[in-house]
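Colleague:
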Amino acid sequence: SDHMENIYGYLMKYTNLVTGWQYRFFVLNNDAGLLEYFVNEQSRHLKPRGTLQLAGAVISPSDEDSHTFTVNAASGEQYKLRATDAKERQHWVSRLQICTQHHTEAIGKNNPPLKSRSFSLASQGSANSPGVQRRPSQNAVSFFNVGHHRLPTGKRVPIMQPDHLVDVREMMSQAEGQQRDLIRSIECLPVSGHLTSLDQDLLMLKATSMATMNCLNDCFHILQLQHASQQKGTLPAGTTISWLEPKISLANHFKNGAAQNFPAEINKPASVREEQSIAEPCQLTREPEEINPDEELEDICDDKEDDLGAVEEQRSVILHLLSQLKLGMDLTRVVLPTFILEKRSLLEMYADFMSHPDLFIAITNGTTPEERMIRFVEYYLTSFHEGRKGAIAKKPYNPIIGETFHCSWRMPKSDVATDDGSNFSAHSPSEQVTLSKDLEGQTELDYYTVKFVAEQVSHHPPVSGFYAECVERKMCVNAHVWTKSKFLGMSIGVTMVGEGLLSLLEHGEEYTFSLPCAYARSILTVPWVELGGKVNINCAKTGYSASINFHTKPFYGGKLHRVTGEVKQNTTNTVACRVQGEWNSVLEFTYSNGETKYVDLTKLSVTRKRVRPLEKQGLFESRRLWQHVTESLRDGDIDKATEHKRALEERQRNEERLRAETETPWCTKYFLKEGDGWVYHKPLWKTVSAAQTQQTDAN
């Protein structure tokens with residue numbers, strides 16, 4: 001009871017990607033079992049900004065650092081909090097855990113116990129019969145039969161007794177044995193005939209049975225942790241209840257449900273041996289390299305992604321992979337089959353978001369803060385159509401740590417919207433953009449140059465940094481993105497954690513923005529890409545902001561790829577522009593003056609990026625690094641592409657192991673760590689500021 005006093009104080013609370021961490025005044029109300037927070041201590045007498053019920057909650061110190069911890073309520077709501085130091089974190093965690101345990105036990109005492117359940121496993125049919133038949137009379141699958149037995153009246157069973165866990169473990173062992181028998185029965189079927197081991201329904205049964213057993217094992221693990229907390233009075237320090245790692249190795253690639261056997265080292269192509277023997281990246285020059293745009297040539301590469309036939313042919317591969325995944329599992333360390341890959345790196349995909357440089361440059365030409373915010377929203381919404389090549393849900397290469405990508409665009413000045421609104425960004429529905437002018441013969445003064453550089457700055461977690469600038473217009477954008485992938489059953493979700501910053505130096509304005517989540521849907525049939533989530537764009541100086549919603553399709557009815565949003569002035573709360581439509585089709589912009597404009601994204605011409613030829617690229621530039629994988633995919637040789645990809649990944653693992661053994665930190669080339677983000681080593685705002693300082697000193 002000495003530890004049940006109410007405590008209060010300031011903690012940092014993570015709000016969202018844009019707002020980040022904010023100080024809030026927290027109060028632990030032990031009597032009510034509530035964790036409440038207020039904007040500050042002075043507003044404590046007002047209604048709380050947020051409240052969490054602690055009964056059934058899990059309090060988990062984070063392994064990110066010694067200051068952070070999370071409060072996961074039984075309702076599913078989560079607070080991510082940060083104390084000033086490790087001692088204060090331990091104080092809050094201990095008090096929260098005591099309060100949580102007290103109120104959780106109180107609920108158990110005030111409610112009757114659940115009826116105990118006994119499980120019997122009955123095998124239907126003979127062990128020699130085929131695993132699954134479509135006719136009930138020939139069914140040979142083992143089923144779980146659940147029988148409910150009422151306990152004698154008045155006899156209470158203490159929750160989570162050790163013998164109950166032993167019983168559960170025994171039942172789990174029996175279930176795992178039957179699941180193995182089921183898998184063995186299916187795999188013993190012939191590869192041809194009426195019912196084969198590659199039958200799609202049987203492969204689905206293998207996948208779902210494996211996923212079910214993995215989920216049951218995870219639930220049992222959580223029960224063990226809860227039992228340990230009841231025995232010790234609290235969870236052990238540092239304990240986190242989360243999804244476990246897969247119990248089956250995913251290191252191999254699969255084909256028709258079997259692990260591939262690669263040829264011995266002596267039989268490997270020279271290109272593979274070369275990929276494995278490239279020197280440790282930190283032994284290469286890590287000095288930033290200045291890329292001369294004059295060495296870059298207009299990109300003639302036009303890789304069209306294959307139709308869905310290839311995916312259908314590999315359905316058994318996907319099923320085999322799914323049999324080893326479970327809901328919510330982080331896919332960061334999972335090696336996915338090669339045939340689902342696009343013929344480009346993730347770093348190049350970020351560059352393709354810049355495929356309308358005229359709209360990017362036109363942002364700074366807006367005459368008012370309102371018009372510049374609207375132009376940024378117009379550019380932002382038109383970038384995803386080209387960034388996501390094709391309708392098929394294929395995945396770009398995971399960049400190797402230290403990998404870089406460089407390119408640039410040359411944009412005729414006559415094609416960029418001026419401050420009089422003479423083309424796309426003008427508020428007229430009838431105007432179209434023509435970006436395909438011939439640049440031959442034009443002088444340097446006739447076009448703007450937009451330069452782009454991206455680098456994979458971290459492997460675990462996988463973080464990419466990218467930067468683009470137009471020196472002539474004194475504007476640049478810097479962003480870092482951590483891609484978090486999760487298995488969601490019949491789809492895969494990718495969260496783009498990070499933040500971007502657009503700087504318009506002519507106006508002294510900075511715009512912060514985030515990126516939506518991406519989903520690969522229907523991965524067993526016709527996979528397709530969907531964007532979802534809410535993103536915010538803010539300019540603190542002008543007070544203008546934009547809120548954009550990417551809507552996922554509801555289960556019944558509704559449109560695909562729908563997006564809505566609005567631009568408003570925060571001080572007056574007036575809406576300057578509303579937008580609706582589809583991010584890959586037609587967008588409708590409605591302005592405060594009543595005018596409306598429609599933009600057909602399918603008719604927007606794309607400005608081709610300029611890249612250096614392969615022979616002039618460095619060993620770790622994306623296209624040269626992945627050239628053998630890309631060539632094999634173009635030739636349709638999946639096995640060869642897999643071999644090259646595996647060699648690159650194996651080399652990366654060896655280098656990472658060597659750095660860990662020698663305690664050698666990774667050195668980035670173009671981006672520097674600043675706080676929680678990554679910033680280009682020589683951003684335009686520093687260059688312009690330095691030049692202005694020199695000019696002032698000279699005067």
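Oh and the sequence shown: position 188 is 188 in the UniProt record's numbering, straight run, nothing missing. All residues carry an ideal CB built from backbone N, CA and C; glycine is no exception.
At what residues does the beta strand (DSSP E) containing phenylalanine 550 begin and finish?
Modeller: Along the sequence shown, read from residue 1 onward, the residue named residue 550 stands at position 550. 544 to 551 is the span of the beta strand (DSSP E), which, as asked, contains phenylalanine 550.
Colleague: Could you pull the DSSP bridge partners for proline 412 from this structure?
Modeller: Taking the sequence shown and counting its residues from 1, the one referred to as residue 412 is at position 412. Bridge partners of proline 412: Tyr447.
Colleague: Relative to the C-alpha of threonine 15, which residue among Gln78, Ser458 and Asn593 is closest?
Modeller: Your numbering for residue 15 matches position 15 in the sequence shown. Nearest of Gln78, Ser458 and Asn593 to threonine 15, Cα basis: Gln78.
Colleague: Is DSSP giving threonine 70 helix, strand or coil here?
Modeller: Here residue 70 refers to the residue found at position 70 of the sequence shown. If DSSP states are grouped into helix, strand and coil, threonine 70 belongs with the strands.
Colleague: Which one of Leu96, Gln179, Val416 and Leu658 has the shortest CA to CA distance from leucine 28?
Modeller: Residue 28 sits at position 28 when you count from the first residue of the sequence shown. Of the listed residues, the one whose Cα sits closest to leucine 28 is Leu96.
Colleague: On the DSSP bridge assignment, give the partners of phenylalanine 25 in chain order.
Modeller: To locate residue 25, count along the sequence shown from 1; it is residue 25. Partner(s): Tyr10 and Phe38.
Colleague: Assuming contact is defined by CB atoms lying nearer than 9 Å, are alanine 454 and aspartate 358 in contact in what I supplied?
Modeller: By 1-based counting over the sequence shown, the position of residue 454 is 454. By 1-based counting over the sequence shown, the position of residue 358 is 358. Contact flag unset, no.
Colleague: Using a 10 Å radius around the Cβ and a threshold of 16 neighbouring Cβ atoms, would you call residue 700 buried or exposed?
Modeller: Absent from the structure is residue 700, since the part of the chain shown begins at 1 and ends at 699.
Colleague: Could you tell me which of Pro48, Gly33 and Gln53 sits nearest to cysteine 99, measuring between CA atoms?
Modeller: For this step, residue 99 is matched to residue 99 along the sequence shown. Of the candidates Pro48, Gly33 and Gln53, the one whose C-alpha sits nearest the C-alpha of cysteine 99 is Gly33.
Colleague: May I ask which residues mark the beginning and end of the alpha helix (DSSP H) holding threonine 630?
Modeller: Here residue 630 refers to the residue found at position 630 when the sequence shown is read from its first residue. Note, threonine 630: alpha helix (DSSP H), 627 to 634.
Colleague: Within a Cβ cutoff of 6 Å, which residues of the same chain sit near serine 192, ignoring the five residues on either side of it in sequence?
Modeller: For this step, residue 192 is matched to residue 192 along the sequence shown. If we look at serine 192 and ignore the five residues flanking it on each side, it has no Cβ neighbours.
Colleague: With 16 other CB atoms within 10 Å as the buried threshold, where does histidine 628 fall?
Modeller: Indexing the sequence shown from 1 puts residue 628 at position 628. Buried.
Colleague: Provide the residue span of the alpha helix (DSSP H) that contains isoleucine 537, from first to last.
Modeller: As a working mapping, residue 537 is identified with position 537 in the sequence shown. No alpha helix (DSSP H) holds isoleucine 537; the beta strand (DSSP E) holding it covers 528 to 539.
Colleague: Using 8 Å as the Cβ pair cut-off and three pairs as the minimum, do the segment 529 to 544 and the segment 507 to 514 touch?
Modeller: Verdict: yes, contact present.
Colleague: Taking glutamate 506 as the reference, give the member of Gly532, Arg473 and Glu530 with the closest Cα.
Modeller: For this step, residue 506 is matched to residue 506 along the sequence shown. Among Gly532, Arg473 and Glu530, the Cα nearest to that of glutamate 506 is on Arg473.
Colleague: Using the C-alpha atoms, what's the distance from alanine 73 back to methionine 204?
Modeller: By one-based count along the sequence shown, residue 204 stands at place 204. By one-based count along the sequence shown, residue 73 stands at place 73. C-alpha separation (whole angstroms): 34 Å.
Colleague: Under 6 Å Cβ to Cβ from glutamate 296, same chain only, skipping five residues before and after it: list those, please.
Modeller: To locate residue 296, count along the sequence shown from 1; it is residue 296. If we look at glutamate 296 and ignore the five residues flanking it on each side, its Cβ neighbours are Ser408, Arg610, Val611 and Arg612.
Colleague: Please give me, in chain order, every unbroken run of the beta strand (DSSP E) with length at least 3 that falls completely inside the segment 475 to 531.
Modeller: Counting only runs of 3 or more, we get 475 to 487, 492 to 504, 509 to 513 and 517 to 521.
Colleague: So for threonine 51, helix, strand or coil by DSSP?
Modeller: Reading the sequence shown from its first residue, position 51 is the one you call residue 51. Strand.
Colleague: If contact is defined by three or more beta carbon pairs under 8 Å, each pair taking one atom from either stretch, is the segment 568 to 585 in contact with the segment 369 to 386?
Modeller: The segment 369 to 386, when compared against the segment 568 to 585, does touch it at the 8 Å Cβ threshold.
Colleague: Alpha carbon to alpha carbon, how far is serine 60 from leucine 223?
Modeller: One-based indexing of the sequence shown puts residue 60 at position 60. One-based indexing of the sequence shown puts residue 223 at position 223. Approximately 16 Å, taken between the alpha carbons.
Colleague: Can you give the Cα-Cα distance for lysine 484 and aspartate 446, rounded to whole angstroms?
Modeller: What you label residue 484 is simply residue 484 of the sequence shown in a count that begins at 1. What you label residue 446 is simply residue 446 of the sequence shown in a count that begins at 1. Their backbone Cα atoms lie some 42 Å apart in a straight line.
Colleague: Using the DSSP secondary-structure output, state which residues sit across from serine 60 in a beta bridge.
Modeller: The sequence position of residue 60 within the sequence shown is 60, counting from 1. Partner(s): Thr70.
Colleague: Roughly how many whole angstroms lie between the Cα atoms of leucine 625 and glutamate 403?
Modeller: Against the sequence shown, residue 625 aligns to sequence position 625. Against the sequence shown, residue 403 aligns to sequence position 403. Cα-Cα distance, rounded: 8 Å.
Colleague: Answer with buried or exposed for arginine 49, where buried requires no fewer than 16 other C-beta atoms within 10 angstroms of its C-beta.
Modeller: Here residue 49 corresponds to residue number 49 of the sequence shown, with the count starting at 1. Looking at its Cβ environment, which holds fewer than 16 other Cβ atoms inside 10 Å, arginine 49 is exposed.
Colleague: I'd like the list of long-range same chain contacts for leucine 46, defined as Cβ closer than 8 Å, with 5 residues on each side in sequence excluded.
Modeller: For the purposes of this step, residue 46 is identified with residue 46 of the sequence shown, where counting begins at 1. Phe38, listed in sequence order.
Colleague: Roughly how far, in whole angstroms, is the beta-carbon of glycine 532 from the beta-carbon of tyrosine 519, given that I think they are within contact range, below 8 Å?
Modeller: Sequence index remark: in the sequence shown, residue 532 carries index 532 (1-based). Sequence index remark: in the sequence shown, residue 519 carries index 519 (1-based). Right, the Cβ-Cβ distance comes to about 6 Å (below 8 Å), so this counts as a contact.
Colleague: Within its chain, find whatever has a CB closer than 6 Å to the CB of valine 575; leave out the 5 residues flanking it on each side and keep chain order.
Modeller: The residue you call residue 575 lines up with position 575 of the sequence shown. So the list reads Glu566 and Lys568, once near-sequence residues are dropped.
Colleague: I'd like the list of long-range same chain contacts for glutamate 105, defined as Cβ closer than 7 Å, with 5 residues on each side in sequence excluded.
Modeller: Here residue 105 is taken as the residue at index 105 of the sequence shown, counted from 1. Once the five neighbours on either side are set aside, glutamate 105 has no close Cβ partner at all.
Colleague: Just to confirm my understanding: we take tyrosine 10, look at its own chain, exclude 5 residues before and 5 after, and list those with CB closer than 6 Å. What are they?
Modeller: Start at 1 with the first residue of the sequence shown, and residue 10 comes out as number 10. Taken in chain order, the residues that qualify are Tyr23 and Phe25.
Colleague: Specify the secondary structure class of glycine 33 as computed by DSSP and reduced to three states.
Modeller: Counting from one through the sequence shown, the residue named residue 33 turns up at place 33. In this structure, glycine 33 counts as coil in the three-state DSSP scheme.
Colleague: Going by the beta-carbon positions, is the gap between tyrosine 448 and methionine 411 smaller than 9 Å?
Modeller: Taking the sequence shown and counting its residues from 1, the one referred to as residue 448 is at position 448. Taking the sequence shown and counting its residues from 1, the one referred to as residue 411 is at position 411. Contact flag set, yes.
Colleague: Do glutamate 88 and histidine 67 have their CB atoms nearer than 9 Å?
Modeller: If you number the sequence shown from 1, residue 88 lands on position 88. If you number the sequence shown from 1, residue 67 lands on position 67. In this structure, histidine 67 lies closer than 9 Å to glutamate 88 by Cβ.
Colleague: Alpha carbon to alpha carbon, how far is proline 683 from histidine 406? Give it in angstroms, no decimals.
Modeller: On the sequence shown, residue 406 is found 406 positions in, with the first residue counted as 1. On the sequence shown, residue 683 is found 683 positions in, with the first residue counted as 1. Their backbone Cα atoms lie some 15 Å apart in a straight line.
Colleague: Where do the N-terminal and C-terminal ends of the beta strand (DSSP E) with threonine 664 fall, by residue?
Modeller: Numbered from 1 along the sequence shown, position 664 holds the residue referred to as residue 664. Run containing threonine 664: none; DSSP gives neither H nor E here.
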